[in-house]
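When the sequence shown is numbered by full-length UniProt numbering, its final residue is 467 and no position is left out of the sequence of numbers.
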Amino acid sequence: MLEYARRHRDLTACALLAAAFLVVCVLLQLPYYYVGLAVVGVILLGISLKYPFAAFLTYVFIVNFLPYAYIESKTFTLAKIGGILLVAITLAVTAIRTPDFGKRIKRAFDKRGLVVLMLIAAGAVSTIVSRNPRSDFFEQHFQFLALFVLTRVYVDTEKRLWWLLVIILLARGLDGALGLYQYITIPEAGRIGGNFVDANEYACYTLLALPIGVYLAQYEKKKLTRILFIAAGILTFIAVIISFSRSGFITLALILLLIFLIPAIKLRNRMILLFLTIVLVITTVPFEYWSRIETLNALFEDEATERSVMIRKRQVDTSIRMFLENPIFGVGYLQYRTTPEKLLGGYIIKRGRLGEHSAILQVLVEFGLLGFIPFVILIILTFRSGIRAAKLAKLAGDSGIRLLSTATTLSFTSYIIFSFMLGTYTKYLFLYLALPMAAYDVAVEKLSRPAAAREVANGEDLGKGMV
């Protein structure tokens with residue numbers, strides 16, 4: 001024991017520090033969440049010192065499994081502070097322990113990274129000149145930018161890209177299992193939200209992992225691991241169904257159609273996916289729902305659907321009016337749903353509904369043309385990166401890179417589809433922007449090297465990959 005402690009002094013120091021935190025919290029009789037955050041924070045600090053890539057994966061898991069919206073108000077600020085510290089520490093350790101950190105930072109801030117900076121700078125300007133500036137813009141966008149940079153810095157091999165996608169899939173699959181548990185044990189709960197307060201957000205963010213599950217299952221050669229990926233993918237699918245989210249169901253249908261049409265996986269597997277889709281829909285949707293839909297028209301003439309369409313029509317009209325009043329700088333960050341009524345152009349609509357139904361309109365209204373133009377350019381560059389990565393892999397005959405690149409591109413496609421129906425300008429945007437870009441970097445790096453060097457790189461053990 002003592003010998004192990006001597007050989008791993010950094011981890012031992014963190015363990016002792018965690019124990020000291022625990023003792024102090026108990027002696028001072030601090031609430032339980034102080035204790036939990038203190039211990040978890042120190043443990044993550046220890047991980048980041050020894051294995052910074054593992055700390056990054058841990059942070060990605062937390063981001064995807066525990067959204068801040070679910071945390072109680074008293075822990076909300078603590079969670080944000082913890083997230084900032086973890087990202088800052090991970091960045092610092094990465095800079096110190098990575099010999100070619102300068103080269104990786106340059107890769108992160110290529111022309112695509114510069115457009116990300118332009119978007120954030122535009123948001124900062126819009127926030128500063130806003131009638132009601134929000135100081136949390138800088139705190140939140142520090143995390144957004146750090147998450148983007150860490151993804152671009154760390155994900156430089158096929159193995160690391162695989163690990164990142166696995167972590168995202170497991171996080172959302174676990175949340176899907178939580179939603180299924182709620183659905184089974186709490187019949188009166190109605191629409192299921194998992195770790196999210198809002199069922200629409202639960203459905204749409206879980207959908208981001210569905211393409212990852214499909215293509216990782218095709219990518220994986222080990223049977224047990226493949227079964228795990230299939231199970232996680234099925235859980236994400238079920239999560240969308242039991243959330244009863246219209247925007248989630250529309251996005252699900254479009255993504256499944258794209259998966260079926262894109263020939264990245266074998267036709268036999270696509271037919272199996274189609275069969276599983278039909279079975280899961282029939283078995284998970286309640287009979288009462290089917291009985292309401294006697295005809296196809298009944299699906300669109302439903303009262304709730306008509307009300308949802310009406311809200312979105314009003315939202316578009318209100319957004320256009322707000323944009324025309326502030327076309328250059330916009331109304332400022334997070335003012336889309338809290339803007340004073342006089343900025344709503346006299347149109348009557350619940351302000352609380354504005355920011356919930358379109359991230360595209362949110363960026364246009366909050367950041368104006370100054371931020372909306374970089375936002376559109378960024379979307380185009382991201383799609384271009386993912387598609388080019390898949391094409392490079394196809395030309396080189398590398399099915400692994402092709403599958404991973406297609407998974408990242410379709411995940412981002414899912415994000416964009418439901419961004420038209422849901423307010424999704426969050427940290428997830430910057431993570432899923434970085435994925436296709438990282439896939440392209442990996443494709444260029446791997447496919448430009450000799451075959452022998454590629455075999456050595458792919459044979460890296462997990463321990464080396466985590467450092």
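The beta-carbon is built from N, C-alpha and C at its ideal position, and this holds for glycine as well.
Roughly how many whole angstroms lie between the Cα atoms of L404 and Q218?
Approximately 10 Å between the Cα atoms of the pair.
Candidates G233, I328, S243, L370: which alpha carbon is nearest L273's?
Of G233, I328, S243, L370, the smallest CA-CA separation from L273 is found for G233.
What does the Cβ neighbour count give for K103, buried or exposed, with the cut at 16 atoms within 10 Å?
By the 16-neighbour rule on beta-carbons within 10 angstroms, K103 is exposed.
So for S385, helix, strand or coil by DSSP?
In the structure shown, the three-state DSSP call for S385 is helix.
Count the other C-beta atoms from every protein chain shown that fall within 10 angstroms of the C-beta of S448, then say buried if there are 16 or more, exposed otherwise.
With fewer than 16 Cβ atoms within 10 Å of its Cβ, S448 is classed as exposed.
Closest residue to V365 among I387, E325, G400 (Cα-Cα distance):
It is E325.
Within the segment 205-286, note down every full alpha helix (DSSP H) run reaching 4 residues or more, in order along the chain.
Within the segment 205-286, the complete alpha helix (DSSP H) runs of at least 4 residues are 210-219, 223-243, 246-261, 267-284.
Could you give the DSSP three-state label for R160: helix, strand or coil?
Correct three-state label for R160: helix.
From this set, Y59, A177, Y336, which residue's C-alpha is nearest G123's C-alpha?
Answer by Cα proximity: Y336.
Compare the beta carbon distance of S130 and G330 with 9 Å and say whether it is the shorter of the two.
The Cβ-Cβ distance between S130 and G330 falls below 9 Å.
Scan the segment 94-164 and note each continuous alpha helix (DSSP H) run of 4 residues or more that stays entirely inside, going in chain order.
Within the segment 94-164, the complete alpha helix (DSSP H) runs of at least 4 residues are 101-108, 111-128, 136-154.
Got a sec, what are the start and stop residues for the alpha helix (DSSP H) R402 sits in?
From DSSP, the alpha helix (DSSP H) with R402 extends over 399-419.
Residue 484 to V214, Cα distance in whole Å?
What is shown of the chain runs 1 to 467, which leaves residue 484 out entirely.
Using three-state DSSP, classify R191 as helix, strand or coil.
Three-state DSSP puts R191 in coil, outside helix and strand.
Other residues of its chain near F275: CB distance less than 7 Å, five sequence neighbours each side excluded:
Contacts found: none.
Shortest alpha-carbon distance to F383 belongs to which of T409, V363, G397?
Per the Cα distances, T409.
Proximity to G332 [Cα-Cα], best of T251, K266, V149, L369
Measuring from the Cα of G332, the nearest candidate turns out to be L369.
Where does Q315 fall in DSSP's three states?
Helix at Q315.
Nearest residue (CA-CA) to R246, options L210, T283, A203, V281:
Nearest of L210, T283, A203, V281 to R246, Cα basis: A203.
Less than 9 Å between the C-beta atoms of L216 and F229, yes or no?
Cβ distance < 9 Å, so L216 and F229 count as in contact.
Is the beta carbon of V442 sitting closer than 9 Å to the one on R160?
For V442 and R160, yes; Cβs fall inside 9 Å.
List the endpoints of the continuous alpha helix (DSSP H) containing T58.
From DSSP, the alpha helix (DSSP H) with T58 extends over 52-65.
If you reduce the DSSP assignment to three classes, tell me which class L174 lands in.
Note: L174 maps to helix in three-state DSSP.
For a quick check, are the C-beta atoms of S414 and L169 less than 9 Å apart?
No, the Cβ-Cβ distance between S414 and L169 is not below 9 Å.
I believe A438 touches V155 by the beta-carbon criterion, under 8 Å. Please report the beta-carbon distance rounded to the nearest angstrom.
About 4 Å separates the two Cβ atoms, so the contact holds.
If we ignore side chains and look at the alpha-carbon of each, how far apart do K152 and G176 end up?
For the record, residue 152 in the displayed sequence is Arg; it is not Lys. Taking the Cα positions, R152 is about 28 Å away from G176.
Exposed or buried, which one is Y51 when buried takes at least 16 other CB atoms within 10 Å?
Here Y51 is buried: its Cβ has 16 or more other Cβ atoms, across all protein chains shown, within 10 Å.
Would R172 and A239 be called neighbours here (beta carbons separated by less than 9 Å)?
Against a cut-off of 9 Å, the Cβ pair of A239 and R172 comes out as a contact.
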